Amino acid sequence: MHIREFLHPVWVNELEAAIPLLTADHPELTIQNKRFNVGDQEYNGKMALSLIKELDFFLVVVEHRSLVKNADTLRERTLQTLLETGMDAVGLLGEDGSVLYVSPNVIKLLGYSELECRRLNLFELLHPEDQQKVKETWMQMLSCPGELIKGADARVKHKNGDWRWLEGNMINLLEEPEVRGVVDVFRDITDRKKQQDEMLRMNTVLAEAHNLAHIGYWEVNIQLQAMSWSAETYSIWGMDPVEKPTLEYFYSTIHPDDRESFISLNEQCLWEASNLDAVHRILLKDGTIKH
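Letter by letter, the sequence shown follows residues 1 to 291 of our numbering.
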């Protein structure tokens, strides 16, 4: 009798995919939360596989239960749908970072199937430059059971060899009898990181251009009367960038003969939300006048 004659096709497919993953070093594997239909009845089940090397055969145990269509089942199905299609993936990890469970949508984030993930370890997939900060956050999480910890943004290797930036939150539930693992909810932020890097690059280029052209710029928060200066503006005013100039101080550096007209133009600019085009002198602390 062939196994296809008494196992549901769902389990046959899972079995065929799982058997190549069983080795002497990894002789056991469990597949959970698989749904299938027999006629009009829906079932949910799991399959446990064990490689018995001494006897040269596989032990396969399949458990399943009928799903009654009630409120609890609908909530369970809704959660399952979110785990399969949502932007965030969910993982259950062992204390050493080994993968105990991962939601099906992980394949969209990292390219690995659920079965392949079971053979992976979080720390083996990390970019070398990110390993230390992730380990520090991991140790913090382990020392704070039940507390939600923000994970360190890190690069994780995709199945195709690319590095993907992930962010997430973790909670240590190793001592919870019904969980016994670290719950990790994570998402792909690679595109966001690329945008941030490009913005940083453009700001660096812009700052260098301003430096070469000796052009400074500043911003002001009217409510706080606080200003933000570019590096070149600090240079023009001869000030240390650690100083935080206020609008009052800025006005005090305008040459006395130009101050009243400049302040009037500035207030007009604020009221009308228009551009300010003004020519004035500044008077520095050492008496230097700049145009």
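We put the beta carbon where it would ideally sit given N, CA and C, even for glycine.
In this text the structure is predicted, and so the values were computed from the model without any measurement.
DSSP, read as helix, strand or coil, puts Arg155 in strand.
Beta-bridge analysis with DSSP links Asn105 to no other residue. In this structure, Trp165 keeps its C-beta atom at 9 Å or more from the C-beta atom of Thr137.
Beta-bridge annotation (DSSP): Trp229 is paired with Trp218. The Cβ atoms of Lys244 and Ala226 lie closer than 9 Å to each other. If you check the CB distance, Asn121 and Val99 come in under 9 Å. Ser98 carries a strand assignment under DSSP once its states are collapsed to helix, strand and coil. Within the region 135-179, complete beta strand (DSSP E) segments of at least 3 residues are found at 148-150, 154-157 and 163-173, given in chain order. Burial is judged here by how many other beta carbons sit within 10 angstroms of a residue's own beta carbon; Cys144 has fewer than 16 and is exposed. Inclusion of Gly111 and Val102 in the CB contact set at 9 Å is not warranted, their separation being larger than that value. Asp277 counts as exposed, since fewer than 16 other C-beta atoms from the protein chains shown sit within 10 angstroms of its C-beta. A residue is called buried when at least 16 other Cβ atoms come within 10 angstroms of its Cβ; Asn172 meets this threshold and is buried. In this structure, Asp184 keeps its C-beta atom at 9 Å or more from the C-beta atom of Leu109.
Counting along the chain, Asp184 sits inside the beta strand (DSSP E) bounded by residues Gly181 to Asp188. One alpha carbon belongs to Leu21, the other to Glu116, and they sit about 8 Å apart. Annotation for Leu284: Gly238 place their beta carbon closer than 6 Å to its own, counting only its chain and skipping 5 residues before and after. The closest CA to that of Glu167, considering only Lys159, Arg155, Leu174 and Glu176, is found on Arg155. DSSP places Thr253 within a helical segment (H, G or I) once states are collapsed to three.
The C-alpha of Phe262 lies about 10 Å from the C-alpha of His255.
In the same chain as Gln196, and ignoring 5 residues on each side of it, no C-beta atom comes closer than 6 Å to its own. Under the three-state reduction of DSSP, Lys193 is assigned to helix.
Secondary-structure assignment with DSSP links Glu28 through a beta bridge to Ser50.
For the pair Trp163 and Arg180, the Cα-to-Cα distance works out to about 29 Å.
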